[in-house]
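Take a look at the structure below.
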Amino acid sequence: MTNREIANIFVAVADMLEIQGEIIHRVLSYRRTAETIAEYPREMRALVAEGKLNEIPGVGKVLAEKIQELVDTGRLEFYERLKAEVPEGVVEMLRVNGVGPKKAKMFWETADITTLDSLEAAAKDGKLRDLPGMGVKSEAKILEGIAAYRRRSTDTRTPLGIALPYAETILARLLEIPGALKGTVAGSTRRARPTIGDLDLLVASEDAAPLMEAFIHMPEVARVLGNGESKSSLELANGLQVDLRVLPPARWGTALQYFSGSQAHNIRLRELALKQGLSLNEHAFSRVSDDGEILCATEEEVYATLGLPWIPPELREDWGEVEAAQAGRLPNLITIDDIRSDLHMHTTWSDGKLSIREMAEAARLRGRQFIVITDHSRSAAVANGLSIERLLTQQQEVRAVDAEMRERYGFRVFHGSEIEIKADGTLDYPDDILAQLDFVVASLHVGLRQPREQVTQRALNAISNPHVDLMGHPRGQLIPDREGADLDMEALFAAAAKHDTALEINSNPERLDLEASYARRAVELGVKICIDTDAHSASDMDLLRFGIMTARRGWIEARSVVNTWALDAFLNWVTPRGK
DNA sequence: GCCGTTTTCGGCCCGACTGTTTTCAGTCG
3 MTNREIANIF
13 VAVADMLEIQ
23 GEIIHRVLSY
33 RRTAETIAEY
43 PREMRALVAE
53 GKLNEIPGVG
63 KVLAEKIQEL
73 VDTGRLEFYE
83 RLKAEVPEGV
93 VEMLRVNGVG
103 PKKAKMFWET
113 ADITTLDSLE
123 AAAKDGKLRD
133 LPGMGVKSEA
143 KILEGIAAYR
153 RRSTDTRTPL
163 GIALPYAETI
173 LARLLEIPGA
183 LKGTVAGSTR
193 RARPTIGDLD
203 LLVASEDAAP
213 LMEAFIHMPE
223 VARVLGNGES
233 KSSLELANGL
243 QVDLRVLPPA
253 RWGTALQYFS
263 GSQAHNIRLR
273 ELALKQGLSL
283 NEHAFSRVSD
293 DGEILCATEE
303 EVYATLGLPW
313 IPPELREDWG
323 EVEAAQAGRL
333 PNLITIDDIR
343 SDLHMHTTWS
353 DGKLSIREMA
363 EAARLRGRQF
373 IVITDHSRSA
383 AVANGLSIER
393 LLTQQQEVRA
403 VDAEMRERYG
413 FRVFHGSEIE
423 IKADGTLDYP
433 DDILAQLDFV
443 VASLHVGLRQ
453 PREQVTQRAL
463 NAISNPHVDL
473 MGHPRGQLIP
483 DREGADLDME
493 ALFAAAAKHD
503 TALEINSNPE
513 RLDLEASYAR
523 RAVELGVKIC
533 IDTDAHSASD
543 MDLLRFGIMT
553 ARRGWIEARS
563 VVNTWALDAF
573 LNWVTPRGK
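Note that the first sequence covers residues 3 to 581 in our numbering.
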């Protein structure tokens, strides 16, 4: 039973309890814990074994027992009982925009509607409009909601790599409208979650009306979900939901803070505010005593009012950042300017688009000081992997380019390889060949669905090989479609720390692997991190920002990241380990 | 269901928008 499976069950429990009319705080305790568990860096089964479930914030006696039951038996009696009580189709109704727990329950109990199909049929027959609290408009809205739900694929979340550029494009358009003073992308995009539910845009203006007008009339709008004075929501033709909020610049700080979330982080701040006799919302702080307002034009002022230093948005998940801020122990997060090298990239020798020389030049123009060329190894046939003979020939070309770039620019090019960790657990080149390379990245591309023990052992073999410097995209996940391998991450981290093998944060938005919570745990255990682009073209090198954002979400400082090191430090690290 | 330098019981963040409602409940984020 994986963390994500446990989280999914808790979400379903929360949904069913809410439909049953359970008090909302009991429902929310399941929902909050589901969120915590879904991205928890340690596995529940390990915490159960160590008796440490109560270390998870928000988990008390009851939830700990339920997690334990799931880990021990693979099922949860309480969940099975609820499933017998609440029809599956009624729970599914919650996914329809405009249908919440109260309406779902009402459809079920007063009209005996227990499936989405029968809800749709009833709406089409005009049978919903006479139900309590319903009308012609709500009936039509539900039909639209069902249609939109059916259009969406199973997973409605959008990869950050698509969401962010798209949000930036829409925002740039809005900022051209007269009266728009400034704007930003907020929400989970600003926090750099790997996938985004909907886009949140924030614009400062004294006059919201023209912005709202332009926003809801953009050409790509499929449906207007809401359109008020200060807030509008759209569904675009591509299915993406976009929210725009417009506020006056004097309130920018509270608005940006509020709209950036996360919800859990915001709740923490509002609780802190209340302890000081202040109520915090997106408009301002209000003194509870006399309703007097304290406006904040910057986020720094919001946090300062609470006695805190500014907290970078990537940390705002209630993963301990409020406590760290209170203690003056916020990390000094890595920035893109700290990066000096890129240790994982491909050329036309395998499946890349540019030559060694062209990749080197592209990296140099982007401010890198040295790179490693790491084309695919021989068994990666579809990626045109290099035979030993070609690998050694390639080395001559790398040396030639290195000599030239070094002479002209002081830029260095090293020779490496991204070697397959083969399905049988062996590496794709023998040790005496690996020993001739400057740098070795080992990656899992095949056999990702092997049983946990088997795939973990393969990874450990690679990490413990003295010639291997880095494990590339360790889990092999693809966003948003493919779960990573079922690896014992804690064992990987321990081995990586012991053998001084770095683990990668792959910057490609389809990977972002390690993800933030694992990267944070790895560094806690003493593992070095590489943030690489895995570039197959020059433009791929611009994806570095996604890797940096992911590292920042993982609380990572420059000193833990190999690519921030100067050449000497890098060479000192690779040299004594077999090369 | 969780939690406690006020509390082991009684709280638990806050507001925008919509539609159905004659003052507010439901939904959403």
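Using N, Cα and C, we set each Cβ at its ideal position, and we do this for glycine too.
Because the structure is a prediction, the values reported are computed rather than measured.
Tell whether a beta-carbon distance below 9 Å holds between residue i and residue j.
i: D377; j: S419; result: yes
i: R272; j: S281; result: yes
i: P221; j: I179; result: no
i: A521; j: T552; result: yes
i: W254; j: A182; result: no
i: D599; j: A382; result: With the chain running from 3 to 581 in the structure shown, residue 599 is simply not present.
i: I11; j: L65; result: no
i: M108; j: L145; result: no
i: H285; j: L249; result: yes
i: Q397; j: L439; result: yes
i: L242; j: E301; result: no
For residue i, which of helix, strand or coil comes out of DSSP?
i: M3; result: coil
i: F416; result: strand
i: T160; result: strand
i: I179; result: coil
i: H27; result: helix
i: R484; result: strand
i: E422; result: strand
i: L201; result: strand
i: K581; result: Caution is warranted here: a pLDDT of 46 is assigned to K581, below 50, making its placement in the model unreliable, and no coordinate value can be reported.
i: M136; result: coil
i: A14; result: helix
i: R97; result: helix
i: G76; result: coil
i: V88; result: coil
i: L393; result: helix
i: S379; result: strand
i: L446; result: coil
i: F189; result: First, the amino acid is wrong: residue 189 is Gly here, not Phe. If DSSP states are grouped into helix, strand and coil, G189 belongs with the helices.
i: V374; result: strand
i: R83; result: helix
i: S120; result: helix
i: L173; result: helix
i: A210; result: coil
i: K184; result: strand
i: G369; result: coil
i: S291; result: coil
i: A147; result: The identity of residue 147 in the sequence shown is Gly, whereas the question assumes Ala. The answer is helix: DSSP assigns G147 an H, G or I state.
i: L472; result: strand
To which residues of the same chain is residue i closer than 6 Å at the C-beta, ignoring the five residues directly before and after it?
i: K129; result: none
i: I435; result: I390
i: L546; result: S509, T535
i: L317; result: E323
i: V529; result: F495, A498, A499, L505
i: R192; result: S262, P315
i: A537; result: M347, M543
i: G556; result: A518, A521, R522
i: G449; result: A425
If contacts are defined as beta-carbon pairs under 8 Å, then residue i and residue j qualify, I think. What distance do you get, rounded to the angstrom?
i: A444; j: G412; result: The pair is not a contact, with the Cβ atoms about 30 Å apart (cut-off 8 Å).
i: R97; j: Y151; result: 6 Å
i: R582; j: A40; result: Nothing can be reported for residue 582, as the shown portion of the chain is limited to 3 through 581.
i: E559; j: P333; result: 5 Å
i: L573; j: L472; result: 15 Å between Cβ atoms; not a contact.
i: M3; j: G76; result: 6 Å
i: S373; j: T349; result: Note that residue 373 corresponds to Ile in the displayed sequence, not to Ser. 11 Å between Cβ atoms; not a contact.
Keeping to the same chain, check which residues put their C-beta closer than 8 Å to that of residue i; ignore five residues upstream and five downstream.
i: I203; result: The amino acid at residue 203 is misidentified as Ile; the sequence shows Leu. A169, I172, L173, L176, G185, T186, V187, A188, V244, D245, L246, R247.
i: T13; result: A small fix is needed here, since residue 13 is Val in this sequence, not Thr. Same-chain partners within the cutoff: Y32, R33, A36.
i: A48; result: E492
i: L159; result: It is Arg, not Leu, that sits at residue 159 in the sequence shown. So the list reads T197, I198, G199, P482, once near-sequence residues are dropped.
i: R414; result: Q371, F372, I373, D404, M407, R408, L569
i: K126; result: L145
Might you give, ordered along the chain, the residues of its own chain that have their beta carbon closer than 7 Å to the beta carbon of residue i, omitting 5 neighbours on each side?
i: L527; result: F495, A496, A499
i: V92; result: I21, A106, W110, T116
i: F548; result: L162, G163, S509, P511, L514
i: S232; result: A210, R247, V248, L249
Inset, instruction - Quick one: which unbroken alpha helix (DSSP H) runs of 4-plus residues sit fully inside the segment 293-359? Chain order, please. - result: For the segment 293-359, whole alpha helix (DSSP H) runs of length 4 or above, ordered along the chain, are 301-307, 323-328.
Inset, instruction - Can you check the segment 221-283 for any beta strand (DSSP E) of at least 3 residues that lies completely inside it and give the ranges in chain order? - result: Those beta strand (DSSP E) runs which fall completely within the segment 221-283 and span 3+ residues are 223-229, 233-238, 243-249, 280-282.
Inset, instruction - Would you mind listing the alpha helix (DSSP H) stretches within the segment 488-575 that are 4+ residues and don't spill past its ends, in chain order? - result: If we require 4 residues or more, the alpha helix (DSSP H) runs fully inside the segment 488-575 come out as 491-501, 518-526, 546-555.
Inset, instruction - Enumerate, from N- to C-terminal direction, the unbroken alpha helix (DSSP H) stretches of 4 or more residues contained entirely within the segment 30-72. - result: Within the segment 30-72, the complete alpha helix (DSSP H) runs of at least 4 residues are 46-52.
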